[in-house]
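Start counting the sequence shown at 1; every next residue gets the next number (UniProt numbering). Note that CB positions come from ideal geometry on N, CA and C, so glycine has one too. The structure appears right after this line, and notes come after that.
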Amino acid sequence: MRRRIVPEIESYQMADGQHKEEFMRLNHSMLFSSFDRNLIYDLGMNHGEDSLFYLEKGFRVVAVEANPVIYSKMIKEFSNWIETGKLVILNVGIWDSQNKLTFYKNLDNDHWSSFDAGYGTRGGTRYEEVEIDCITLPMLLAEHGTPYYLKVDIEGADKIAISSLASADVLPAFVSVEEYGAKCIEDLRDLGYDRFKIVPQGNKSSMNPAPSPAREGTYVERWFSGRDTGLFGLELPGAWLPFQEAYSIFTSTIRDSSYSYIGPENEWFDVHATNTRVDGIDN
Numbered sequence: 001m002r003r004r005i006v007p008e009i010e011s012y013q014m015a016d017g018q019h020k021e022e023f024m025r026l027n028h029s030m031l032f033s034s035f036d037r038n039l040i041y042d043l044g045m046n047h048g049e050d051s052l053f054y055l056e057k058g059f060r061v062v063a064v065e066a067n068p069v070i071y072s073k074m075i076k077e078f079s080n081w082i083e084t085g086k087l088v089i090l091n092v093g094i095w096d097s098q099n100k101l102t103f104y105k106n107l108d109n110d111h112w113s114s115f116d117a118g119y120g121t122r123g124g125t126r127y128e129e130v131e132i133d134c135i136t137l138p139m140l141l142a143e144h145g146t147p148y149y150l151k152v153d154i155e156g157a158d159k160i161a162i163s164s165l166a167s168a169d170v171l172p173a174f175v176s177v178e179e180y181g182a183k184c185i186e187d188l189r190d191l192g193y194d195r196f197k198i199v200p201q202g203n204k205s206s207m208n209p210a211p212s213p214a215r216e217g218t219y220v221e222r223w224f225s226g227r228d229t230g231l232f233g234l235e236l237p238g239a240w241l242p243f244q245e246a247y248s249i250f251t252s253t254i255r256d257s258s259y260s261y262i263g264p265e266n267e268w269f270d271v272h273a274t275n276t277r278v279d280g281i282d283n
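Here it is as structure tokens:
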């Protein structure tokens, strides 16, 4: 889905290449100008490893966890953060409409729990079906504001969350999503993002230790593992790549054009995206 033009400049005339370039400059400037610098969304909180890292770095966090058992556990474990107003935890799912859907709660590996039966019941594992209220990501943005960083790791619904950002007038400065094929890079490009990093999630040796001095928030001593997302934003290792280079690397080393996985065994990847108009990102 191609991004719609933001309302304030819908009537901008693109008579030639120069006008088109100026139009895109204005469009992107507005898209990446009004996010909340101190806010992070953790979509797919699970056991809270990422939320805790963001909170300790000084950010406010809105976390979403659809699994009602984990949600109840997190409410207790993070009660002090909730009382300070730094953390909001919601027991909802993210979908393309406000609805109540069947959630497949995996009893053998709660990371696999999903609204998609193929994810939530994979490998013959045990599961339970529960009905969970779902909202859209734009509804969440309207209620809590646009975050500086949006982490998306919601098994089977990642594409829905990313695609729904097409209706947003302001975008997060940084987004990460568990890859769902090269289409995720295309979808992020179509939203207005123009720089990308492909980040392994099993082997996080390039992230350890966390950088000091910090480039995002305050310094937190942390060694990352396969259970967390790791660094984000300006603290990510490696260069930010333009679309074509990122797409080429992805399709030649992770998933090919037929969606077949060709990456390292027992590894999985997140795609991070930003825009060159975000402070600290080089052209």
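If you measure between the beta carbons of residue 287 and residue 238, is that distance less than 8 Å?
Outside the shown range of the chain (1 to 283) lies residue 287, about which nothing can therefore be said.
Per-residue DSSP class, three states only, for residue 93:
strand
Can you give, in chain order, each stretch of the alpha helix (DSSP H) that sits fully within the UniProt domain "Methyltransferase FkbM" (42-178) and has at least 4 residues?
49-56, 68-77, 79-83, 117-120, 137-144, 158-164
Apart from the five residues on each side of it in sequence, which residues of its chain come closer than 6 Å, Cβ to Cβ, to residue 25?
At residue 25, the pLDDT of 46 sits below 50, so the modelled position is not reliable and the matter cannot be decided from this model.
DSSP state of residue 231, grouped into three classes?
coil
For residue 197, report the span of its beta strand (DSSP E) as first-last.
195-200
Check the DSSP bridge columns for residue 269 and list the partner residues they point to.
200
Measuring only the C-alpha atoms, how far is residue 213 from residue 58?
14 Å
Exposed unless 16 or more other CB atoms sit within 10 angstroms - verdict on residue 50
buried
Under a three-way DSSP split, which group does residue 255 fall into?
strand
When the distance is taken between beta carbons, is residue 48 closer than 8 Å to residue 74?
yes
Can you give me the C-alpha to C-alpha distance between residue 221 and residue 209, rounded to a whole angstrom?
8 Å
Return the first residue and the last residue of the alpha helix (DSSP H) that residue 281 is part of.
That residue, residue 281, is in no alpha helix (DSSP H); it is neither H nor E in DSSP.
Who are the Cβ neighbours of residue 211 in its own chain at under 6 Å, not counting the five residues just before and after it?
235
According to DSSP, simplified to helix, strand and coil, what is residue 31?
helix
On a Cα-Cα basis, can you pick out the residue from 266, 119, 92, 82 that is closest to residue 109?
119
Anticipated Cβ contact below 8 Å, residue 100 with residue 134, distance rounded:
7 Å
DSSP puts residue 36 in a beta bridge; with which residues?
147
Is the distance from the Cβ of residue 191 to the Cβ of residue 165 below 8 Å?
yes
Check whether the region 30-41 and the region 170-177 are in contact - that is, three or more C-beta pairs closer than 8 Å.
yes
Could you check whether residue 271 and residue 143 sit closer than 8 Å to each other, using their CB atoms as the reference points?
no
In angstroms, rounded to a whole number, what distance separates the CA positions of residue 69 and residue 155?
17 Å
Taking the C-alpha atoms as reference points, what is the distance between residue 248 and residue 117?
31 Å
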